[in-house]
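Chemist: Structure in structure tokens, see below.
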Amino acid sequence: MRVLVAGGAGYIGSVVTAALLAAGHDVTVLDDLSTGHADAVPAGATLARVALHDSAPVLAEVRPEAVLHFAARSLVGVSQQRPHEYWDTNVGGSLALLEAMRAVGCRRIVFSSTAATYGEPESVPIREEAPTRPTNTYGASKLAVDHMLTSYAVAHGFAAVSLRYFNVAGAAFGLGERHATETHLIPLALQVAAGERESLTVFGRDYPTPDGTCIRDYVHVQDLADAHLLALPAPAEGEHRIYNLGNGTGFSVQEVVDAAREVTGHALPTVDGGRRAGDPAQLVASSARIRSDLGWMPRHTDLVGIVRDAWALVDPAAAHRS
Ligand code: UFG
1 MRVLVAGGAG
11 YIGSVVTAAL
21 LAAGHDVTVL
31 DDLSTGHADA
41 VPAGATLARV
51 ALHDSAPVLA
61 EVRPEAVLHF
71 AARSLVGVSQ
81 QRPHEYWDTN
91 VGGSLALLEA
101 MRAVGCRRIV
111 FSSTAATYGE
121 PESVPIREEA
131 PTRPTNTYGA
141 SKLAVDHMLT
151 SYAVAHGFAA
161 VSLRYFNVAG
171 AAFGLGERHA
181 TETHLIPLAL
191 QVAAGERESL
201 TVFGRDYPTP
211 DGTCIRDYVH
221 VQDLADAHLL
231 ALPAPAEGEH
241 RIYNLGNGTG
251 FSVQEVVDAA
261 REVTGHALPT
271 VDGGRRAGDP
281 AQLVASSARI
291 RSDLGWMPRH
301 TDLVGIVRDA
311 WALVDPAAAH
321 RS
């Protein structure tokens, strides 16, 4: 299939681009490189350095049969301080992309949504029927695009899938997380192990969880890529499906620290900080829907394995030692 990957120079987008190429698809990456990296775009894909708002001429030229849309601003904290950037890129940019698709008769799309659309859950594991009450602008902007897709499916016959990612981690196809501003737990822990920072701050040890630290559902980026390939052909025209993507197992911050110590052999000093604003105590997905509808089966569910794959990119020699 001829596909356009918006945001294909970022962490998840580049891994999915590599998976699409491996499956024989013809891929054009559209990315303004505001947070992505040109050298992360796998060889074999064509890069158009263009923002979502200006995507129409690229779609007119490429004439894709489907779009996978990863391009977004994704820092929860920044979304609270500079909301206009999130509404502009995530919502305005997505609207421009959908209109560019409509102009060329392309109606198939897989969109990167997020667990942040649910906000503080009433119960875990979180199912797709759970109420969506985002607690930050980032989650609200992603939820707005989910609604946009529902209305484009109804009005314009779009065949759309929103994949609500939980905590994506690990590496695949030699591609891993590489953010200029890193806020995520696993890469930060590995930066400590690599000697790039002195310690890791644990945000809160007084949560109502067994060890007092927050629990998250870490899903391997390779499993996530598999889900995109299954989702791409799934919906009929006029249909918008929503699927959670997580392992269904939660790990605490302390368990992640322990796994990183085991993988790296580094003492990994931690400092106890206060709670980070807006962090729910537990976010764990029910991914029963995508498992039963599409036969998705996460294969890399072991936390130590996820951390090991991420570490192999930070310290390539480690891959040979383990
Ligand atoms: N944490 C620390 N110390 C750090 C960084 C994180 O203790 O230095 C903790 C956080 O408090 C949280 C857990 O580690 O409990 C995971 O934090 P991340 O920042 O790695 O991930 P989040 O769960 O906050 O965010 C992820 C995605 C977001 C998405 C959100 C959905 O990265 O894009 O899940 O709720 F919005």
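Numbering-wise (UniProt numbering), the sequence shown opens with residue 1 and increments by one. Even glycine gets a Cβ: it sits at the ideal position worked out from N, Cα and C.
1. Could you tell me whether any non-hydrogen atom of ligand 1 is closer than 7 Å to the CB of V76?
2. Any heavy atom of ligand 1 closer than 7 Å to the CB of residue 326?
3. For T201, does the count of other Cβ atoms within 10 angstroms reach 16, so buried, or fall short, so exposed?
4. Would you mind working out which of L232, D258, W296 and S199 sits nearest I109, comparing C-alpha positions?
5. May I ask you to list the residues that DSSP assigns as paired with I126?
6. Taking the straight line between their C-alpha atoms, what separation do you get for V145 and A40?
7. Would V27 and L20 be called neighbours here (beta carbons separated by less than 8 Å)?
8. From the DSSP output, which residues share a beta bridge with Y165?
9. So the alpha helix (DSSP H) A140 belongs to, where does it begin and stop?
10. Cβ of L175 versus every heavy atom of ligand 1: is any distance shorter than 7 Å?
11. Starting from Y207, trace the beta strand (DSSP E) both ways and give me its first and last residue.
12. With three or more C-beta pairs closer than 8 Å as the rule, is the region 249-264 touching the region 70-88?
13. Answer yes or no: the CB of L143 versus the heavy atoms of ligand 1, is any distance below 7 Å?
14. Does the beta-carbon of residue 344 have 16 or more other beta-carbons within 10 angstroms, so that it is buried, or is it exposed?
15. Take G271 as the anchor and find which of R205, Q80, G174 and T181 has the nearest alpha-carbon.
16. Taking 7 Å as the cut-off, is the CB of C106 close to at least one heavy atom of ligand 1?
17. Near A267, what residues of its chain come up, given a Cβ to Cβ distance below 8 Å and the 5 sequence neighbours on each side ignored?
18. Give the secondary structure of residue 329 by DSSP, where H, G and I count as helix, E and B as strand, and everything else as coil.
19. Grouping DSSP H, G and I as helix and E and B as strand, with all else coil, what is G92?
20. Is R308 buried or exposed, if buried means 16 or more other CB atoms sit within 10 Å of its CB?
21. What residue range does the beta strand (DSSP E) around H179 cover?
22. If you drop the 5 nearest sequence neighbours on each side, which residues of the same chain put their C-beta closer than 8 Å to that of A281?
23. Give the C-beta separation of V221 and V304 to the nearest angstrom, bearing in mind that I take them to be a contact with Cβ-Cβ under 8 Å.
24. Find the nearest neighbour of T137 within the set T150, S123, P187 and P83, judged by alpha-carbon distance.
25. When the Cβ atoms of the region 127-134 are set against those of the region 168-184, are three or more pairs found closer than 8 Å?
26. With which residues is S252 paired in a DSSP beta bridge?
27. Residues in the same chain with beta-carbon distance under 7 Å from S286, minus the five sequence neighbours each way, listed in chain order, please.
28. Alpha carbon to alpha carbon, how far is L143 from R289? Give it in angstroms, no decimals.
29. In this structure, what does DSSP give as the bridge partners for R133?
30. Once you ignore the five residues that flank G246 on each side, which residues in its own chain have a CB closer than 6 Å to its CB?
31. I'd like to know whether the C-beta atoms of A6 and L97 end up nearer to each other than 8 Å.
32. So, for L75: in the same chain, excluding its five sequence neighbours on each side, which residues have a beta-carbon less than 8 Å away from its beta-carbon?
33. Between H240, G295 and R164, which has its C-alpha nearest L283's C-alpha?
Modeler: If we stick to the structure as given:
1. Taking the sequence shown and counting its residues from 1, one reaches residue 76 at position 76. Yes; taking the cut-off as 7 Å, the Cβ of V76 has a heavy atom of ligand 1 nearer than that.
2. The structure shown does not extend to residue 326, since the chain spans only 1 to 322, so no value can be given for it.
3. Counted from its first residue, the sequence shown places residue 201 at position 201. It counts as exposed.
4. Translated into positions along the sequence shown, residue 109 becomes position 109. Comparing Cα positions, the closest option is L232.
5. Position 126 of the sequence shown, counting from 1, holds the residue named residue 126. Partner(s): A285.
6. As a working note, residue 145 is residue 145 in the sequence shown. As a working note, residue 40 is residue 40 in the sequence shown. Spanning the two alpha carbons is a distance of roughly 26 Å.
7. Mapped onto the sequence shown, residue 27 falls at position 27. Mapped onto the sequence shown, residue 20 falls at position 20. Contact: yes.
8. In the sequence shown, residue 165 corresponds to position 165, counting from 1. Y165 pairs with T114 and L245.
9. Residue 140 sits at position 140 when you count from the first residue of the sequence shown. Taken as a continuous stretch (DSSP letters only), the alpha helix (DSSP H) holding A140 covers T137 to H156.
10. Counting from one through the sequence shown, the residue named residue 175 turns up at place 175. No, the beta carbon of L175 sits no closer than 7 Å to any heavy atom of ligand 1.
11. By 1-based counting over the sequence shown, the position of residue 207 is 207. Here Y207 belongs to no beta strand (DSSP E), and DSSP marks it neither H nor E.
12. no
13. Locating residue 143 in the sequence shown gives position 143, where the first residue counts as 1. Incorrect: L143 has no Cβ contact closer than 7 Å to ligand 1.
14. Limits of the chain in this structure are 1 at one end and 322 at the other, which puts residue 344 out of reach.
15. Looking up residue 271 in the sequence shown gives position 271. First, the amino acid is wrong: residue 271 is Val here, not Gly. That would be R205, whose Cα lies nearest to the Cα of V271.
16. Start at 1 with the first residue of the sequence shown, and residue 106 comes out as number 106. Checking the Cβ of C106 against ligand 1 gives no.
17. Along the sequence shown, one-based indexing puts residue 267 at 267. Excluding residues within five positions, the ones whose Cβ falls inside 8 Å are R261.
18. A query on residue 329 cannot be resolved here, the shown segment of the chain reaching from 1 to 322 and no further.
19. The residue given as residue 92 occupies position 92 in the sequence shown. Correct three-state label for G92: helix.
20. Looking up residue 308 in the sequence shown gives position 308. R308 should be labelled buried.
21. Translated into positions along the sequence shown, residue 179 becomes position 179. Careful: H179 lies outside any beta strand (DSSP E) and carries neither H nor E.
22. Within the sequence shown, the letter at position 281 stands for residue 281. For A281, where only same-chain residues beyond five positions count, the Cβ hits under 8 Å are Y207, P208, T209, C214 and I215.
23. For this step, residue 221 is matched to residue 221 along the sequence shown. For this step, residue 304 is matched to residue 304 along the sequence shown. So it is not a contact: roughly 16 Å between Cβ atoms.
24. Translated into positions along the sequence shown, residue 137 becomes position 137. Answer by Cα proximity: P83.
25. no
26. Position 252 of the sequence shown holds residue 252. Looking at the DSSP assignment, S252 forms a beta bridge with I215.
27. For the purposes of this step, residue 286 is taken as residue 286 along the sequence shown, with counting starting at 1. Answer for S286: P125, I126, R127, N244 and G248, listed in chain order.
28. Here residue 289 refers to the residue found at position 289 when the sequence shown is read from its first residue. Here residue 143 refers to the residue found at position 143 when the sequence shown is read from its first residue. Each residue's Cα considered, the two are about 19 Å apart.
29. In the sequence shown, residue 133 corresponds to position 133, counting from 1. BP columns for R133 point to G119.
30. Working through the sequence shown from its first residue, we reach residue 246 at position 246. Correct list, in chain order: F166, D217, V219, A285 and S287.
31. Numbered from its first residue, the sequence shown carries residue 6 at position 6. Numbered from its first residue, the sequence shown carries residue 97 at position 97. Contact flag set, yes.
32. Your numbering for residue 75 matches position 75 in the sequence shown. Taken in chain order, the residues that qualify are Y138, T181 and T183.
33. Position 283 of the sequence shown, counting from 1, holds the residue named residue 283. It is R164 whose Cα lies nearest to the Cα of L283.
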